[in-house]
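Going down the list, the sequences are from chains A and B.
Per my numbering, residue 18 is the first one in the first sequence, and the count goes up by one each step.
Per my numbering, residue 123 is the first one in the second sequence, and the count goes up by one each step.
No residue lacks a Cβ here, since even glycine has one placed at the ideal position from N, Cα and C.
This structure is a prediction, so every number in the text was calculated from the model and none was measured.
Report on the structure given below.
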Amino acid sequence: MHSLIQLSIVVLLLPLLSFVILIFFNRRLPRRGDFVGVGILGSAFAISAYIFWSVIVQTYDPAFRIAWDFTWIDLGNVHGIGPLQVRMGIVIDNLTAIMLAMVTLISLLVHLYSTGYMAGDKNYGRYFAFLGIFTFSMLGIVLSDNLFSIYIFWELVGLSSYLLIGFFFEKQSAADAQKKAFLVNRVGDIGMWLGILILYSQFHTFSFEQIYANLAAGKFAMSNAWLTAAGLLLFMGCVGKSAQFPLHIWLPDAMEGPTPVSALIHAATMVAAGVYFVARIFVLLTPDALHVIAFIGAFTAFMAATIAITQNDIKRVLAYSTVSQLGYMVLGLGVGAYSAALFHLVTHAFFKACLFLGSGAIIHAMHHEQDMRWMGGLRKNMPWTFATFTLATLALAGLPLTSGFMSKDAILAGAIGFAQVEGGGVFYLIPALGFFSAMLTAFYMGRQIWLVFFGESRTHLKPVDNHHHGHDAHGAHDDHHDAHEVHEVSWNMRAPLVILAALSIFFVYSPNPLDGAEGWFMKMIKTPATVVGPANHNCATTLVKAASPLMAEALPAVAAHGATDSPAVAGGEHATAKGEHAFADPRQAEIAHAAHAAHFPAIYISSIMVLVGISLAGVVFVFKIIDPDKTAQAIRPLYLFSLNKWYWDEIYEATFIKGSVVLSKMLSWFDTNVIDGMVNGVAFLVRKLAFANNSFDKYVVDGFVNFTAFSVNTTGAVLRKLQTGKVQTYVVMLLLVVFGYFVFYFTRLLY
Amino acid sequence: MEHLIPIGLNHYLTISAFLFGFGLFAVMTRKNAIVILMGVELILNAANINFLAFSKYNGGMGGVMFSLFIIVIAAAEAAIALAIVINIFKIFKSVDVSSIDTMKE
């Protein structure tokens, strides 16, 4: 076993240890054991950082990959299938190393931050235990080398997210939100499980490596439509976890959880798990499946951005912004901008975590006021929060010199390239929606910054009757402070903000602020060669031949742009080295080429869009040239449409929930009337039969018995009369018999 | 006296049948055991008359022999029957046959 594998197992199990210690012993430990959580996560992060260092910095090899697995369940020789085993294992490649470091770092910072934010909560210790099990499950997803263990940890993430969203379960809204999150996630997970089963039914293995090897060898016996279906069903898991369009509704409601939880789960890790999963299964997604994924991502990005414009709750704006950015990532994967999407996943994780923690600091300082309409002027009171929040906002909006700029630009360039290669007018909708959402992002984040930090404090404007204490349940602070006093938060909440904001600056990822592709990230994460495609059922060697003219065409063009390490080439090298994935997909190469060509147009368009968005925000909210309230009145239907989140909740309420209720009522009716009717009918018939049987017994069988007795009795009674015991009677009878004989005799004689 | 029917077998048989009928009537209807015995004697004697009549008109001596035996047996039977009646009287303090019905138990 490789030493890095051993270390990664330690990293995986450390948060579980934290959970076990804290869930059982937090009341016996000083400070309810928060130092256990922080300390354990600190060591987990230290080991992850070492793994990251070994893999990314020292090895610096795009094809780095080590794996280890063991037989978990041995089903033996199953009749008709052959030997069947369920194997568990760990794989470490560049993506894993990066995710490992990212998850543990953000989890560590959230642990640290929570020691300030959650101080005084009555379930303080349990909170850290839940954070521990969440981190454990997330690391499990990151390290899994097969679909089965990913599914297990996937559900564990769902469970721990359920526990954390409903942490303030005394509040009805939190309890509802946790149920909603869990149920909506279940919808996606069912699809994911079906997708896993389609693949398992074909290959009898859950391992990524073996599934891809089998696919590349053309062993998928069913039609390509099934493969597309498998890909889309697996993608449903991502739709649920990463809050994509049909199932995005749970994420904004999940803001009922404590704000650090929102930062950890609903910005940086759990929702990223969906994108990570799609990246893991990227190679088996057919072009058709990728088209669907791209459109869903683009639509999600656009829709959530339009909703975020009008929300007043500071966390809800960020929640919809998260949905929108996740849409970007999914869009990126759909158009084949694999490394760009994962790049955005990591940059987004840091700046969005920073934004959520910053909003948590504001909410904490404002004594649990979340409505941006009653904030304002916090710039002077909270300089640290202001600086870090602004930096993260710039990264989210995608201004140059930030990490978000590079990653978003890479995705949008990929989208343009994709649209060019697909060549259809409708495919230009994807980059168009992406750019438009970029503008909206800049607009709503400008609005948020302005409303929260600039201007004068509007706390006194808040209608009093609307006041309700404690979004977070520890209301102890509220009693001792005047609501107008707003102080900067303590160091343990400030430090994570600073670290996360620092990770939102460009030089962490790339020396060139305009081109993320020059950075280590994009060089380490290469688009893997697809194992499906138009010709994947042919033999691998003929495929290489078929692909080679196209490759020859693509290679000089790519080389001309100075990107000798384009994904296509890397894929080709990988293929020759491994000898199994023996082709680079020409389609991928073409898209990568076009995306590279579209790099500068994408920069220009997205910069213009961001500037337009920011200026618009400035015009509306800073200089008040356009009055926001009057505008909202003027386009009231659109405003309401956005404010009410496109009415998705109402639509689902009217269709699925009402539908379920009606269906369950129908089933209940069916149960009470038909099923119960059948049961009762059978019981009725049995009763009747028993009654008939009883009557038969009583009248016929008993009748025979009684009749026999009766007849014997009667005969006896009659015969008894004859036996008088008197001699004379017998004489008379003798005489009668003789007489009878004579009558008989003479009668016979006569006739 | 020619118009008178001469005494023939039928007259004997008629007498005998009447005698048998009286005897039988006595056996069936009388309650006194002694009277019943007397009825039995009448029946026996009716049989004797039959035997003797058939013997006379048939010409053999078989009927005479039979009636002699019957007379002897009747004497023995009367002795035995009277002994039984005396014993019955001893047990039941009565010779009324209608009250002697322990046989039906």
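- Taking 7 Å as the cut-off between beta carbons, the residues of the segment 737-749 of chain A near chain B are Gln740, Thr741, Gly742, Lys743, Val744, Gln745, Val748 and Val749, in sequence order.
- Counting along the chain, Gln102(A) sits inside the beta strand (DSSP E) bounded by residues Gly99 to Asp110.
- Between Lys369(A) and Ala285(A), the CB-CB gap stays under 8 Å.
- Exposure of Arg390(A) is indicated by the presence of fewer than 16 other C-beta atoms within 10 angstroms of its C-beta.
- Counting only residues of its own chain and dropping the five nearest sequence neighbours on each side, Tyr179(A) has a CB closer than 7 Å to the CB of Gln195, Ala198 and Phe199.
- Counting only the Cα atoms, Val186(B) lies some 39 Å from Lys212(B).
- Using a Cβ-Cβ cut-off of 8 Å, Val217(B) does not count as an interface residue toward chain A, since no Cβ of chain A sits closer than that to its own.
- For Val217(B), the secondary structure class from DSSP, reduced to helix, strand or coil, is coil.
- Inclusion of Phe153(A) and Leu39(A) in the CB contact set at 8 Å is not warranted, their separation being larger than that value.
- When rounded, the separation of the alpha-carbon atoms in Ile73(A) and Phe453(A) is 35 Å.
- When DSSP states are grouped into helix, strand and coil, Phe186(A) belongs to the coil group.
- Per DSSP, Val95(A) is one residue of the beta strand (DSSP E) stretching across Arg82 to Val95.
- Take the alpha-carbon of Phe460(A) and the one of Thr672(A): they are about 33 Å apart.
- If you check the CB distance, Met399(A) and Val549(A) do not come in under 8 Å.
- Closer than 7 Å at the C-beta level to chain A, one finds these residues of the segment 126-153 of chain B: Val149 and Met150.
- Assignment of Ile643(A) by DSSP, reduced to helix, strand and coil, places it in the coil class.
- Secondary structure of Asp666(A) (DSSP, three-state): helix.
- Bounds of the alpha helix (DSSP H) holding Ile324(A) are Pro304 to Thr327.
- Secondary structure within the segment 177-234 of chain A: the alpha helix (DSSP H) runs of 4 or more consecutive residues, fully enclosed, are 189-220 and 225-233 (chain order).
- 8 Å or more divides the Cβ of Met320(A) from the Cβ of Met253(A).
- By the 16-neighbour rule on beta-carbons within 10 angstroms, Asp162(A) is buried.
- Put simply, the segment 400-415 of chain A touches the segment 514-528 of chain A. At least three CB pairs are less than 8 Å apart.
- Using a CB distance cut-off of 8 Å, Ser220(B) counts as an interface residue toward chain A.
- By the criterion of at least three beta-carbon pairs nearer than 8 Å, the segment 506-513 of chain A is not in contact with the segment 350-361 of chain A.
- Taken through DSSP and simplified to helix, strand or coil, Asn163(A) comes out as strand.
- When C-beta atoms of the segment 292-301 of chain A are compared with those of the segment 323-339 of chain A, fewer than three pairs fall below 8 Å, so the two segments do not count as touching.
- In the three-state DSSP reduction, Ile522(A) falls in the strand class (E or B).
- Minimum Cα-Cα distance from Phe435(A) among the listed residues Leu457(A), Ile522(A), Leu307(A) and Gly421(A) corresponds to Leu307(A).
- Per DSSP, the unbroken alpha helix (DSSP H) holding Tyr762(A) starts and ends at Val744 to Leu767.
- Straight across, the Cα-Cα distance linking Thr88(A) with Gly99(A) is about 16 Å.
- The Cβ atoms of Val288(A) and Leu268(A) sit closer than 8 Å to each other.
- With a threshold of 16 other beta carbon atoms within 10 Å, Gly630(A) meets it and is buried.
- Closest option to Ile150(A), judged by alpha-carbon separation, among Phe36(A), Val438(A) and Gly635(A): Phe36(A).
- Sequence-distant partners of Ile64(A) (beyond 5 residues in either direction) whose C-beta falls short of 7 Å from its own C-beta, in its chain, are Leu24, Val27 and Val28.
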